[in-house]
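Have a look at the structure below, then the notes.
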Amino acid sequence: MRKTWLKWFVPLAGLTVLSLGVASCGDDDSTATKTATGTATTAAATAGFTDAGYKTAKFQTVTVDSGATIKIGISSGISGDVKGLGVPIADSAKAAGEGVTVKGHKIEFVTEDDLCTPEGGPAAADRLIKAKVVAVVGPICSGGTRASLKAYDDAGIVHISPSATAGDLTTPVRAEGPYVTFFRVPVLNADEAREQANFAYDTLKAKKAFVVFDTDDYGKDLSAQFQVSFKAKGGAIVGSPTGYEKKQTDFKSIIANIKAAKPDVIYQAGFYAEATPFLQQLRAEGDLKSIPYIGGDGIKNDELISGAKDAAEGAYLALPGATGSEFANYAKKYAAFTKGKESDAETATFGPEAYDAATILIKAIESVGVDAGGKLTIDQKALQQAVLKSTTAGATGEVKFGPNGNRAGAVVRLFKIVSGKYVQLKAGEK
Amino acid sequence: MIAPLFLTGAEFWADQTVNGLTTGSIYALIALGYTMVYGVLQLINFAHGEVFMIGAFAGYGVLVGMGGDDLTGVMVALAIVLALLAAAVASAATSVTIERIAYRPLRNAPRLAPLISAIGVSVFLSHLVDDGFLGGQSKFYPLIFPNGGISLGPLSVSYLQMFLMGSSLLMMAALYWVVQRTGAGRAIRAVAESRTNASLMGIDVNRAIVITFVLGAIMAGFAGVLYGLFLSSIRGSMGFIPGVKAFTAAVLGGIGSIPGAVVGGYGLGLAETLGREVLNEIPGVNLPNEWKDVVAFSVLVLILIFRPTGIFKQKETKRA
Numbered sequence: 002m003r004k005t006w007l008k009w010f011v012p013l014a015g016l017t018v019l020s021l022g023v024a025s026c027g028d029d030d031s032t033a034t035k036t037a038t039g040t041a042t043t044a045a046a047t048a049g050f051t052d053a054g055y056k057t058a059k060f061q062t063v064t065v066d067s068g069a070t071i072k073i074g075i076s077s078g079i080s081g082d083v084k085g086l087g088v089p090i091a092d093s094a095k096a097a098g099e100g101v102t103v104k105g106h107k108i109e110f111v112t113e114d115d116l117c118t119p120e121g122g123p124a125a126a127d128r129l130i131k132a133k134v135v136a137v138v139g140p141i142c143s144g145g146t147r148a149s150l151k152a153y154d155d156a157g158i159v160h161i162s163p164s165a166t167a168g169d170l171t172t173p174v175r176a177e178g179p180y181v182t183f184f185r186v187p188v189l190n191a192d193e194a195r196e197q198a199n200f201a202y203d204t205l206k207a208k209k210a211f212v213v214f215d216t217d218d219y220g221k222d223l224s225a226q227f228q229v230s231f232k233a234k235g236g237a238i239v240g241s242p243t244g245y246e247k248k249q250t251d252f253k254s255i256i257a258n259i260k261a262a263k264p265d266v267i268y269q270a271g272f273y274a275e276a277t278p279f280l281q282q283l284r285a286e287g288d289l290k291s292i293p294y295i296g297g298d299g300i301k302n303d304e305l306i307s308g309a310k311d312a313a314e315g316a317y318l319a320l321p322g323a324t325g326s327e328f329a330n331y332a333k334k335y336a337a338f339t340k341g342k343e344s345d346a347e348t349a350t351f352g353p354e355a356y357d358a359a360t361i362l363i364k365a366i367e368s369v370g371v372d373a374g375g376k377l378t379i380d381q382k383a384l385q386q387a388v389l390k391s392t393t394a395g396a397t398g399e400v401k402f403g404p405n406g407n408r409a410g411a412v413v414r415l416f417k418i419v420s421g422k423y424v425q426l427k428a429g430e431k
Numbered sequence: 333m334i335a336p337l338f339l340t341g342a343e344f345w346a347d348q349t350v351n352g353l354t355t356g357s358i359y360a361l362i363a364l365g366y367t368m369v370y371g372v373l374q375l376i377n378f379a380h381g382e383v384f385m386i387g388a389f390a391g392y393g394v395l396v397g398m399g400g401d402d403l404t405g406v407m408v409a410l411a412i413v414l415a416l417l418a419a420a421v422a423s424a425a426t427s428v429t430i431e432r433i434a435y436r437p438l439r440n441a442p443r444l445a446p447l448i449s450a451i452g453v454s455v456f457l458s459h460l461v462d463d464g465f466l467g468g469q470s471k472f473y474p475l476i477f478p479n480g481g482i483s484l485g486p487l488s489v490s491y492l493q494m495f496l497m498g499s500s501l502l503m504m505a506a507l508y509w510v511v512q513r514t515g516a517g518r519a520i521r522a523v524a525e526s527r528t529n530a531s532l533m534g535i536d537v538n539r540a541i542v543i544t545f546v547l548g549a550i551m552a553g554f555a556g557v558l559y560g561l562f563l564s565s566i567r568g569s570m571g572f573i574p575g576v577k578a579f580t581a582a583v584l585g586g587i588g589s590i591p592g593a594v595v596g597g598y599g600l601g602l603a604e605t606l607g608r609e610v611l612n613e614i615p616g617v618n619l620p621n622e623w624k625d626v627v628a629f630s631v632l633v634l635i636l637i638f639r640p641t642g643i644f645k646q647k648e649t650k651r652a
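These protein sequences, in sequence, are chains A and B.
Residue numbering for the first sequence follows this note's numbering, beginning at 2 and increasing consecutively.
Residue numbering for the second sequence follows this note's numbering, beginning at 333 and increasing consecutively.
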């Protein structure tokens, strides 16, 4: 009897120690990530492209033969879950170059699927570099972008992401500074989260927020930024911020935690594929039927309304960016390009950003390309400088870049779902 | 961060227990298919998760075809009954086809061959539906089940949860009756004991095996519709995780044992929802949500260390 007990006691004790050790490691990790993101944001305003950064970029000179097309790559998620986001993005970029000729050369878009994943990003980059593209629109997601920054830098290829919003992409903790070949059009997660926190605290008068997030780079960053901003306003985060993985459909146990934490507002950073069942299960719960819900830009999609239906009513979604002077033009070209088969320009999230990214690249190629008897020579370094110094009246307002490739000066819009439609809110309205 | 002690209300634990039992019901229904097929063929039918998925889509088709969100009153009940029936038929047909095409030709091949064949069928079906038919998008069940529920002190259970738990218990009871009290059930048990002896006694072994697949598939198809009604979001790859969990539940309960699959299913469901929360009650411990499977599977490993053959120990088989 005693022997058996002893026999089991040793491995059991070992297991307990092990699991405790692992548990504390987990805690350390999560705090580390949070602090890292926090510092990254504060540094964001000051950091810029450095000389060291220019040294790592392997700029070359690209030649386009006479009669050949100028290839611009598009790295977007065009299959799988993010298709609803990625296809309109790719098509918006194409709409900007449709029928455009630069110094006698037609623009040709080469689209590669980056699946919005850290694995897909570099794979698409590799294929685009091999296809000898001059510049790239994309990648579309933060995780995929982070993983492919170096590949593009090594090829000296300027790439403008229409939608990668994680803070540390342009403010990495590295000596050589951010990659000088990377630019982006969207408003950053930090800007979006600050607006959402202000809205929750000032307009909704919420003091306690419960945070759920997709555990990918985007979801972690946006939710961490929201917590920083909401706490800075004087609000409290109740319960533990709760992560979930893509494709999760059962949110019942998270919802039980939300119910017990009694928040004034629920904040979600993620994508519509998971937000749809989340909202449905949330609104099925009597106590949580009418609690305000704020979601990030990855959730603002027509699919959310068609999937969650009544459960989506009253949800607040933020969308970074504004409508610029070029928007009407974009809408027209987009509708013509897609022949009305896809969502219209009003609802194509990040579509205007992609259109602007492509426009900026085409204009920059036009300004630095040197024509020599039908051959077009493009110096990649000059192209990078042209993009950095460009000012464009775009579909998302005036697009200029800060010293680190981030967009300079940006706006966040808030929407509410009313009777199955996204209605833009005015300041102070709820 | 300190574990949020105010979370420890009775209501919270009641909610999570109900959540664990509902998830457990689904696992148990699927686990039955694994355990029965293992019982007769010693085959881990990896494609069983996809049989569950096909059931969910068949039910979805019926519900949407009958009017989806516009259904009201008695039509809701009728639509759900028809959806369950359609799911049972579709899942059974899928399962029998899989058995005929992918397993029967390999019946006398080395044990690993049908296992690989099963994995192949599983991958094929989930990608066929996801990429072939749906283009990677999810479908959403219409939310037609009447809202509301009953509250008893801290315990509140929605009508949907009651329906889910009640109907799965009923299905399991029916299955138990079929296996224990009918001729077909006796044939299945005989084949499980010894295929050779059963055939010597004049039992049609192939027929018994097909019936085993059909019974397991009916449970899985039923679970598919319940899953859809409960969680709403369905997709081609939806069968993978519940499939793995249900297989785990079957092993936990003692693979080959029908009561074992049921107990294993509920056990795993509860371990998953409650395990992490219980540990978080220890001061200083705050495991994030992503850790719930780590906790659940640690429990599983611990149980298997003490009872390697699962909770319901099977008698040593006389097979060589």
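For every residue, glycine included, the Cβ atom is placed at its ideal position computed from N, Cα and C.
All values derive from a computational prediction rather than experimental measurement.
For the alpha helix (DSSP H) that residue i lies in, which residues bound it at each end?
i, result
"B/Tyr559", "537-563"
"B/Ile358", "342-373"
"A/Asp155", "143-155"
"A/Thr57", "52-57"
"A/Ala394", "Run containing A/Ala394: none in the alpha helix (DSSP H); it sits in the beta strand (DSSP E), 392-395."
"A/Gln197", "190-199"
"B/Gly585", "572-585"
Using the Cβ count rule (16 or more neighbours within 10 Å means buried), how would you classify residue i?
i, result
"A/Leu223", "buried"
"A/Asp29", "Residue confidence is low: A/Asp29 scores 35 on pLDDT, short of 50, so the model does not pin down where it sits. Its coordinate-derived value is still stated next. Exposed."
"B/Asn426", "Note that residue 426 of chain B is Thr in the sequence shown, not Asn. It counts as buried."
"B/Asp536", "exposed"
"B/Met551", "buried"
"B/His459", "exposed"
"B/Trp705", "One cannot answer for residue 705 of chain B here, as it falls past the ends of chain B, which runs 333 to 652."
"A/Glu120", "exposed"
"B/Met407", "exposed"
"B/Met533", "exposed"
"A/Asn190", "buried"
"B/Val633", "exposed"
"A/Ile71", "buried"
"A/Asp169", "buried"
"A/Arg185", "buried"
"A/Val371", "exposed"
Looking at residue j and residue i, is the spacing between their C-beta atoms short of 8 angstroms?
i, j, result
"B/Ile637", "B/Gly585", "no"
"A/Gly352", "A/Pro89", "yes"
"B/Ile430", "B/Val394", "no"
"B/Ala582", "B/Gly596", "yes"
"A/Leu377", "A/His160", "no"
"B/Ala540", "B/Val372", "yes"
"A/Phe50", "A/Ile73", "no"
"B/Asn621", "A/Ile292", "no"
"A/Gln269", "A/Gly296", "yes"
"B/Ala450", "B/Asn538", "no"
"B/Ala603", "B/Val631", "yes"
"A/Ala355", "A/Ser93", "yes"
"B/Ala388", "B/Gly607", "no"
"A/Val229", "A/Lys209", "no"
Span of the beta strand (DSSP E) holding residue i?
i, result
"A/Leu223", "Taken as a continuous stretch (DSSP letters only), A/Leu223 belongs to no beta strand (DSSP E), being part of the alpha helix (DSSP H) at 218-234."
"A/Pro321", "317-321"
Validate contact between the stretch 76-83 of chain A and the stretch 114-131 of chain A using beta carbons, cut 8 angstroms, 3 pairs: Contact holds between the stretch 76-83 of chain A and the stretch 114-131 of chain A, because three or more Cβ pairs, one in each stretch, are under 8 angstroms apart.
Report the residues of the stretch 77-95 of chain A with a CB closer than 9 angstroms to any CB of chain B, ordered along the chain. Along the stretch 77-95 of chain A, going in chain order, the ones with a CB nearer than 9 angstroms to a CB of chain B are Ser80, Gly81, Asp82, Val83, Lys84, Gly85.
Between the stretch 355-382 of chain B and chain A, which residues of the former have CB atoms less than 8 angstroms from a CB of the latter, in chain order? Per Cβ criterion, the list reads Thr355.
Should the stretch 532-544 of chain B be regarded as contacting the stretch 450-469 of chain B, the criterion being three or more beta carbon pairs within less than 8 angstroms? The count of Cβ pairs closer than 8 angstroms, one atom from the stretch 532-544 of chain B and one from the stretch 450-469 of chain B, stays below three, leaving the stretches out of contact.
With 8 angstroms as the limit, tell me which residues of the stretch 390-405 of chain B have their beta carbon closer than that to any beta carbon of chain A; keep them in chain order. Within the stretch 390-405 of chain B, those residues whose Cβ lies closer than 8 angstroms to any Cβ of chain A are, in chain order, Asp401.
Taking three-plus beta-carbon pairs below 8 angstroms as touching, is the stretch 154-169 of chain A in contact with the stretch 130-145 of chain A? Flag = yes, the stretch 154-169 of chain A and the stretch 130-145 of chain A touch.
Measuring CB atoms only, is the stretch 379-391 of chain A touching the stretch 309-320 of chain A, in the sense that at least three cross pairs come out at less than 8 angstroms? The stretch 379-391 of chain A, when compared against the stretch 309-320 of chain A, does not touch it at the 8 angstroms Cβ threshold.
Under 9 angstroms, CB to CB, which of the residues in the stretch 301-319 of chain A have a partner in chain B? Glu304, Ser307, Gly308, Ala309, Lys310, Asp311, Ala312: these are the residues of the stretch 301-319 of chain A whose beta carbon lies less than 9 angstroms from some beta carbon of chain B, given in chain order.
Between the stretch 472-490 of chain B and the stretch 318-326 of chain A, do three or more beta carbon pairs fall short of 8 angstroms? Not touching, per the Cβ criterion.
Is the stretch 389-396 of chain A touching the stretch 277-289 of chain A, taking contact as three or more C-beta pairs under 8 angstroms? Taking a cut-off of 8 angstroms for Cβ pairs, the stretch 389-396 of chain A and the stretch 277-289 of chain A do not touch, as fewer than three such pairs fall below it.
Of the residues that make up the stretch 137-149 of chain A, which ones have a beta carbon closer than 7 angstroms to any beta carbon in chain B? Interface annotation for the stretch 137-149 of chain A against chain B: empty, criterion Cβ-Cβ distance under 7 angstroms.
Give the residues from the stretch 250-274 of chain A that approach chain B closer than 9 angstroms (Cβ to any Cβ), ordered along the chain. Cβ contacts with chain B come from Thr250, Asp251, Phe252, Lys253, Ser254, Ile255, Ile256, Ala257, Asn258, Lys260, Ala261, Ala262, Lys263, Ala274.
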